[in-house]
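Novice:
Residue numbers (the working numbering), protein chains in the order written: chain E, 1 to 345; chain A, 1001 to 1345.
#1: Closer than 8 Å, CB to CB, is residue 344(E) near chain A or not?
#2: According to DSSP, is residue 29(E) part of a helix, a strand, or is it coil?
#3: 8 Å is my cut-off, CB to CB: does residue 1157(A) come that close to chain E?
#4: Name the DSSP bridge partner or partners of residue 141(E)?
#5: Assign residue 71(E) to one of two classes, buried (16 or more other C-beta atoms within 10 Å of its C-beta) or exposed (fewer than that).
#6: If contacts are defined as beta-carbon pairs under 8 Å, then residue 68(E) and residue 31(E) qualify, I think. What distance do you get, rounded to the angstrom?
#7: Compare the C-beta of residue 1181(A) with all C-beta atoms of chain E and state if any pair is closer than 8 Å.
#8: If we ignore side chains and look at the alpha-carbon of each, how far apart do residue 1285(A) and residue 278(E) end up?
#9: What are the complete beta strand (DSSP E) segments, minimum 3 residues, inside the stretch 1051-1107 of chain A?
#10: Using alpha carbons as the reference points, say which of 217(E), 290(E), 98(E) and 238(E) lies closest to residue 164(E).
#11: Between the C-alpha atoms of residue 1321(A) and residue 1314(A), what's the straight-line distance to the nearest angstrom?
#12: What residue ranges within the stretch 242-293 of chain E form continuous alpha helix (DSSP H) runs of no fewer than 4 residues, ordered along the chain?
#13: Rounded C-beta distance between residue 1109(A) and residue 1099(A)? I'm assuming under 8 Å.
#14: Against chain E, does residue 1009(A) count as a neighbour if the rule is that its beta carbon must be under 8 Å from one of theirs?
#15: Starting from residue 133(E), follow the alpha helix (DSSP H) in both directions and report where the run begins and ends.
#16: Run the CB neighbour count on residue 323(E), radius 10 Å, all protein chains shown included, and call it buried at 16 or more, exposed below.
#17: Could you tell me the distance, in whole angstroms, from the CA atom of residue 1226(A) to the CA atom of residue 1147(A)?
#18: What are the partner residues of residue 299(E), as DSSP defines its beta bridges?
#19: Beta-carbon of residue 255(E) versus every beta-carbon of chain A: anything under 8 Å?
#20: Of the choices 162(E), 84(E) and 253(E), whose alpha-carbon is the least far from that of residue 138(E)?
#21: Cβ of residue 1244(A) less than 8 Å from any chain E Cβ?
#22: In chain order, what residues of the same chain lie with their CB nearer than 8 Å to the CB of residue 345(E), ignoring the 5 residues before and after it?
#23: Report yes if the CB atom of residue 114(E) is closer than 8 Å to the CB atom of residue 228(E), and no otherwise.
#24: Count the other CB atoms within 10 Å of the CB of residue 1242(A); is the residue buried (16 or more) or exposed (fewer)?
#25: So, do the stretch 1127-1136 of chain A and the stretch 1183-1190 of chain A have three or more beta carbon pairs nearer to each other than 8 Å?
#26: Please identify, using Cβ separations under 8 Å, the residues of the stretch 1266-1279 of chain A that lie next to chain E, in order along the chain.
#27: For residue 1176(A), name the three-state secondary structure that DSSP assigns.
#28: Based on Cα-Cα distance, which residue from 64(E), 86(E), 270(E) and 101(E) lies nearest to residue 21(E)?
#29: According to DSSP, what are the bridge partners of residue 221(E)?
#30: Hey, residue 238(E) and residue 140(E): beta-carbon distance below 8 Å or not?
#31: Using 8 Å as the cut-off, can you tell me whether the stretch 1166-1186 of chain A makes contact with the stretch 199-206 of chain E, which would need three or more C-beta pairs spanning the two stretches below that distance?
#32: Grouping DSSP H, G and I as helix and E and B as strand, with all else coil, what is residue 112(E)?
#33: So if I threshold CB-CB distances at 7 Å, which residues from the stretch 214-236 of chain E count as touching chain A?
#34: In chain E, which residues lie less than 7 Å from residue 1430(A) when you measure between Cβ atoms?
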């Protein structure tokens, strides 16, 4: 397997990207292709004491870099020699099995849609991160790729999310919930009310197991295996979880630092606390796949460090192995939008 | 001061409501009026060993009760003898200074709007809970009263939230942020983009201190003193914080229960853990005021117990003392919606 990696994207590029990729090549038995300014990549390798390219690690030169200030809609045209665009082109040409970038989310999504292209019939590609819950993990779809959505988009997100939960989390018949502000089907805005009835129909057709609305409070508690949301509220959910976990663990830390005895208590609990931190740590989850494009594209966190990049590669490998794209293509009959509800292309 | 309390609203009514109100009358030096079925209220008092009405506690009879299944829009008409409607009528007639209910949120909002009425010029009343943050507390407005909003609504929410943060949290010049999925003013949906420029103008006029967009991740970390949101995404934020705090503290508990030593560690940290729990506990915050109506109306959590009711009364007392309604009325010039943006009544 060959994973193509944008070596220049993200806050800690290229160093963290390069070292995470090298570690992944070594430990995960996969090839990685680092795309970016050759000189910068070699320098990053050198800083780790690597003077010859390790086995399984390749470099593909791309002189330009996509900036966080670049308008996503012009990246493919104006940054054609950037690491992101070159890498995505390699993916689309079959020169690798998956692509990872920690660069600008908007740019990755737009460029992936234009270069790798959506699966025919899919209206929008969506970001589907995996969240920790009290009972395990769940898939959230979408979390920000599409701030404004139609019920048709959400119908397809529900299906894609369900396949993803099946293949990645190994859940046979995932419970699909619609993120809403109450349990009753009359709750929310027009978007939620229309989506509710679409998902009910899809559930009756046997394509997914729709369990109704899920309130945000119940998402971290394991209320659904797949949480379907427009990109705006999905993003609020994802980021609030991140911030709240940080708030609570920060307060915990203050408790442990109070005096010598509490510091001892922290020592006693060290292993458990480490596991908890790991559970809540975005870096362990890896990246967020874009579901709906023809090949696996993974967005790593902008502030990814070596560990996060390593896990993003692990996740890319798993996504390729599980043939998620194949599962979506094989189920397009369910994903087809009912004609009478065909609002937008 | 006289606080009117819906004795029949909420999961634990009337017992928890009655005992919380009695405690508040005793400790907060205020009068409370319990509205509801007289026999049920007396029975609840008896269960606490109280056979004569304590000083400062009154009972006002109301034979009917608003149900969680009642359509909020018909409550005032169909449940005119309910504790909620009778209590709100008493408030509007000046028979008390504030009203508290733990009953159906939709019903309280609709009934309060119809009976107590909005402050002239205010488009929508909004729910403004106080959230714990890493650096203190912040006001969220709205958190669910208005699932669908216009930029004009949000403009007024920003102002009301700023006054509320000033009077309740004692912050001189509160930092007002717009909940969004990115920092740039181009982020979000049309609603956020239009609201952004309205808030910028309001800030230039000196009415509020607008600090731009605030991402959900930064809300629990103290990124703003006032977080302005439509009711849908505000509700997602509020409920995700609640669920995530529960997830993390639940996982913490597992760590402490692992073995004898970790249980000892929990004992050592008991005081600090108690304070942390208190910080994250909705019951300590009290209720959520509806801002924008002519008198203080406070919605207590549906599952309020005695402690939550006690704090809701404390909050009602503080809201009356701070004359928030007066502050909003005195600033209607800033709250007036610019003519060219006058979308909806």
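Glycine included, each C-beta is placed from N, C-alpha and C at the ideal position.
Everything numeric in this text was worked out from a predicted model, so none of it was measured.
Specialist: According to the data block:
#1: Position 344 of the first chain, counting from 1, holds the residue named residue 344(E). The predicted position of residue 344(E) is uncertain, since its pLDDT is 47 and thus under 50; a value taken from the coordinates is nonetheless stated next. No, its Cβ sits nowhere closer than 8 Å to a Cβ of chain A.
#2: By 1-based counting over the first chain, the position of residue 29(E) is 29. Residue 29(E): coil per DSSP, three-state reduction.
#3: If you number the second chain from 1, residue 1157(A) lands on position 157. Not one chain E Cβ lies under 8 Å of residue 1157(A).
#4: Against the first chain, residue 141(E) aligns to sequence position 141. Answer by DSSP bridge pairing, in chain order: 228(E).
#5: Residue 71(E) sits at position 71 when you count from the first residue of the first chain. Looking at its Cβ environment, which holds fewer than 16 other Cβ atoms inside 10 Å, residue 71(E) is exposed.
#6: As a first step, residue 68(E) must be located in the first chain, where it is residue number 68. As a first step, residue 31(E) must be located in the first chain, where it is residue number 31. At roughly 29 Å, the Cβ-Cβ gap does not stay under 8 Å, so residue 68(E) and residue 31(E) are not in contact.
#7: In the second chain, counting from the first residue as 1, residue 1181(A) sits at position 181. Judged by the 8 Å Cβ criterion, residue 1181(A) is in contact with chain E.
#8: As a working mapping, residue 1285(A) is identified with position 285 in the second chain. As a working mapping, residue 278(E) is identified with position 278 in the first chain. Residue 1285(A) and residue 278(E): Cα-Cα distance of roughly 30 Å.
#9: 1057-1061 and 1098-1101
#10: The residue you call residue 164(E) lines up with position 164 of the first chain. Among 217(E), 290(E), 98(E) and 238(E), the Cα nearest to that of residue 164(E) belongs to 290(E).
#11: In the second chain, counting from the first residue as 1, residue 1321(A) sits at position 321. In the second chain, counting from the first residue as 1, residue 1314(A) sits at position 314. Cα-Cα distance, rounded: 11 Å.
#12: 260-268, 270-280 and 282-285
#13: Your numbering for residue 1109(A) matches position 109 in the second chain. Your numbering for residue 1099(A) matches position 99 in the second chain. The pair is not a contact, with the Cβ atoms about 12 Å apart (cut-off 8 Å).
#14: As a working mapping, residue 1009(A) is identified with position 9 in the second chain. Answer no: the Cβ-Cβ gap between residue 1009(A) and chain E never drops below 8 Å.
#15: As a working mapping, residue 133(E) is identified with position 133 in the first chain. Taken as a continuous stretch (DSSP letters only), residue 133(E) belongs to no alpha helix (DSSP H), being part of the beta strand (DSSP E) at 130-133.
#16: Locating residue 323(E) in the first chain gives position 323, where the first residue counts as 1. Exposed: under 16 other Cβ atoms inside 10 Å.
#17: Residue numbering aside, residue 1226(A) sits at position 226 when the second chain is read from its first letter. Residue numbering aside, residue 1147(A) sits at position 147 when the second chain is read from its first letter. Using only the alpha carbons, I get a separation of about 19 Å.
#18: Looking up residue 299(E) in the first chain gives position 299. According to DSSP, which records beta bridges pairwise, residue 299(E) is partnered with 101(E) and 288(E).
#19: The count along the first chain starts at 1 and reaches residue 255(E) at position 255. Taking Cβ atoms only, chain A reaches closer than 8 Å to residue 255(E), which makes this a yes.
#20: Here residue 138(E) refers to the residue found at position 138 when the first chain is read from its first residue. That would be 162(E), whose Cα lies nearest to the Cα of residue 138(E).
#21: By one-based count along the second chain, residue 1244(A) stands at place 244. Yes, its Cβ sits closer than 8 Å to a Cβ of chain E.
#22: Taking the first residue of the first chain as position 1, residue 345(E) is located at position 345. Reliability fails at residue 345(E), whose pLDDT of 44 lies under 50, so the model's placement of it is uncertain and the value that follows must be treated cautiously. Closer than 8 Å at Cβ, skipping near neighbours: 123.
#23: In the first chain, the residue the question calls residue 114(E) occupies position 114. In the first chain, the residue the question calls residue 228(E) occupies position 228. No.
#24: The count along the second chain starts at 1 and reaches residue 1242(A) at position 242. Flag for residue 1242(A) reads buried.
#25: no
#26: 1266, 1268, 1269, 1272, 1273, 1275, 1276 and 1279
#27: Against the second chain, residue 1176(A) aligns to sequence position 176. Correct three-state label for residue 1176(A): strand.
#28: For the purposes of this step, residue 21(E) is taken as residue 21 along the first chain, with counting starting at 1. Residue 21(E) has its Cα closest to that of 101(E), out of 64(E), 86(E), 270(E) and 101(E).
#29: Walking along the first chain from the start, residue 221(E) turns up at place 221. Per DSSP, none; premise fails for residue 221(E).
#30: Taking the first residue of the first chain as position 1, residue 238(E) is located at position 238. Taking the first residue of the first chain as position 1, residue 140(E) is located at position 140. Contact flag set, yes.
#31: no
#32: Here residue 112(E) refers to the residue found at position 112 of the first chain. Three-state result, residue 112(E): helix.
#33: 215, 216, 217, 218, 219, 220, 221, 232, 233, 235 and 236
#34: Since the displayed chain A opens at 1001 and closes at 1345, residue 1430(A) lies outside it and no answer follows.
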